[in-house]
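Each remark here refers to the structure printed beneath this line.
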Amino acid sequence: MKFEDFNFVPSLQEGLDTMGFTKPTPIQQEAIPHILAGKDIIACAQTGTGKTGAYLLPLLHKIEEEDKSVIDTLILSPTRELALQIDQQIMGLAYFTGCTSIAVYGGGDGFSYEQQKRSLTDGVNIIVATPGRLIAHLTSGTIDLKHLKHLVLDEADRMLDMGFYEDIVRIISYLPEKRQNLLFSATMPPKIRSLSKKILVDPVEVSIAISKPSAGILQQAYLAFDEQKLALLTAILSNADYKSVIVFASRKEIVKKLNSTLNRKGIPSEAFHSDLEQGEREDIMMRFKGKKLAVLIGTDVISRGIDVEGISLVVNYDVPPDPEDYIHRIGRTARAETTGTAITFINEKDQQKFGRIEALIGNEVVKMPLPEGFEIGPVYQPSVRPKKTFSPDWKKKKSQPQHKRPPHKKANP
Ligand code: AMP
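Count along the sequence shown from 1, then add 13; that gives the number in the working numbering.
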């Protein structure tokens with residue numbers, strides 16, 4: 014499925030193209046049609062699954078087609094960090110639309126409160142807020158929410174854990190009764206169920222099950238430039254006695270190159286890829302399963318299907334493009350309660366991708382120092398956007414005057 018299949022307004026599709034998003038994630042595929050149809054939803058989805066886009070895209074589509082002089086959508090977030098992240102995604106996706114947004118959160122000084130107040134009275138379409146600060150604006154009468162059409166509770170379980178239940182109920186008392194409600198939560202404890210009964214009307218349930226990596230897997234990562242990776246792989250395989258190893262690489266050209274280099278260095282291995290005859294594949298797999306071959310190198314073709322007991326090490330020669338592939342890849346080791354190690358090489362371009370993986374699995378993976386004798390590797394900055402996102406196309410579009418509406422205006426000064 015492609016984003017084009019949703020028939021979003023062209024200005025929103027343009028934002029998606031510029032962000033480089035082509036395919037909806039599973040939660041987006043599931044949730045977007047229901048939200049477009051006006052249903053309330055309760056969605057179980059963790060950070061890293063694309064949950065923010067799952068509600069932002071259909072809401073931006075609706076706002077773009079409606080009256081933009083009113084506050085249309087309120088998104089409640091447990092923390093200022095999440096509020097800022099959501100606001101940044103709005104900025105990217107809504108860049109070519111006429112929708113405006115503001116992040117409203119506490120913790121700043123009186124000046125930022127005054128700035129927020131001015132922006133709110135100026136007119137804005139989407140408010141992304143932490144509950145406490147929003148209440149301060151509501152009680153002082155700065156915000157008029159009587160035209161609000163959509164309410165989103167993001168990371169609802171965390172908001173309840175942080176004691177925001179009363180605040181949420183109070184905020185809802187300021188909203189019109191007729192509105193669309195979207196509740197997103199990473200977990201579904203009973204208190205979320207009772208909150209949803211109070212707020213949602215006949216909701217559709219959307220849930221994307223992600224199996225977390227088994228606790229028996231020791232996960233490690235090395236920050237390495239592409240030029241360092243081959244020597245690093247050789248060093249890792251030569252210095253420890255791993256009985257059964259799978260090395261994943263993104264393309265079969267890399268698989269073939271790794272295989273010939275390892276063999277030249279005296280580390281027997283086989284490359285497993287789509288150019289092999291069926292008989293050759295079966296032979297390699299049989300030797301690998303029978304522990305007569307220690308190192309198997311392949312693309313994601315081998316990550317889902319094979320069920321080999323006792324794999325001691327999985328190496329991701331590059332970061333898999335999809336966080337769920339990471340879970341599938343490293344799931345080849347530590348099967349059935351055994352233990353194993355999973356090592357990932359992260360170059361400077363793959364850092365954001367690895368950040369998404371860490372968000373999905375819910376913890377940081379230990380970054381190992383490069384072995385002695387190696388030059389220093391890249392610094393880990395997972396939140397830095399790769400330059401590719403801001404393509405020349407993006408810059409070109411920004412200066413094109415033919416858009417009917419002004420490009421995305423930040424309401425937050
Ligand atoms: P979230 O789960 O909303 O925190 O999103 C995690 C990351 O995935 C964010 O960096 C988004 O920019 C990115 N993302 C969301 N939807 C897509 C998509 N359809 N394709 C590629 N990346 C996406």
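Where a beta carbon is used, it is the ideal one built from N, C-alpha and C, also for glycine. These figures come from a predicted structure and were not determined experimentally.
#### Entry: For residue 150, the three-state DSSP class (helix, strand or coil)
helix
### Query
Sorted by chain position, which residues of the same chain lie with C-beta nearer than 6 Å to residue 372's C-beta, five sequence neighbours on each side aside?
60, 61
### Task
Sort out for me which residues DSSP pairs residue 337 with in a bridge.
Residue 337 pairs with nothing; no bridge assigned.
#### Entry: the ligand NAP heavy atom lying under 6 Å from the CB of residue 93
Absence of the ligand NAP is noted for the structure shown, with the ligand AMP being the only ligands found.
### Query
Taking just the CA atoms, how far does residue 280 sit from residue 299?
19 Å
### Query
Would the C-beta of residue 191 count as close to the ligand AMP, meaning under 6 Å from any of its heavy atoms?
no
#### Entry: Paired residues, beta bridge with residue 163 - DSSP
86, 193
### Under 7 Å between C-beta atoms of residue 77 and residue 110
yes
### Query
In terms of residue numbering, what span does the beta strand (DSSP E) encompassing residue 358 cover?
353-359
### Message
With three or more beta-carbon pairs closer than 8 Å as the criterion, would you say the stretch 211-231 touches the stretch 79-89?
### Response
no
### Query
Roughly how many angstroms lie between the CA atoms of residue 25 and residue 157, to the nearest whole one?
26 Å
### Query
Comparing alpha-carbon positions, which option in 235, 102, 140 lies nearest residue 160?
140
### Task
Under the assumption that residue 242 contacts residue 126 (Cβ atoms under 8 Å), give the Cβ distance between them as a whole number of angstroms.
Incorrect: roughly 49 Å between the Cβ atoms, too far for contact.
### Task
Report the rounded CA-to-CA distance for residue 292 versus residue 196, giving the unit in angstroms.
51 Å
### Query
Would you say the stretch 229-241 touches the stretch 377-386, given that touching needs at least three Cβ pairs under 8 Å?
yes
#### Entry: residue 165 versus 194, 190, 149, 184, residue with shortest Cα-Cα distance
194
### Rounded straight-line distance, which links the Cα of residue 393 to that of residue 147
34 Å
### Task
Can you say whether residue 64 is buried or exposed, counting buried as having 16 or more other CB atoms within 10 angstroms of its CB?
buried
### Message
Taking the alpha helix (DSSP H) that residue 209 belongs to, which residues open and close that run?
### Response
203-212
### Message
Run through the DSSP bridge pairs and tell me what residue 198 is partnered with.
### Response
57
### Task
Enumerate in chain order the residues of its own chain whose CB-to-CB distance from residue 391 is below 7 Å, with the five nearest sequence positions on each side excluded.
236, 238, 360, 361
### Query
My guess is that residue 40 and residue 56 are in contact by the Cβ rule of under 8 Å, so how many angstroms apart are they, rounded?
7 Å
### Query
Apart from the five residues on each side of it in sequence, which residues of its chain come closer than 7 Å, Cβ to Cβ, to residue 23?
none
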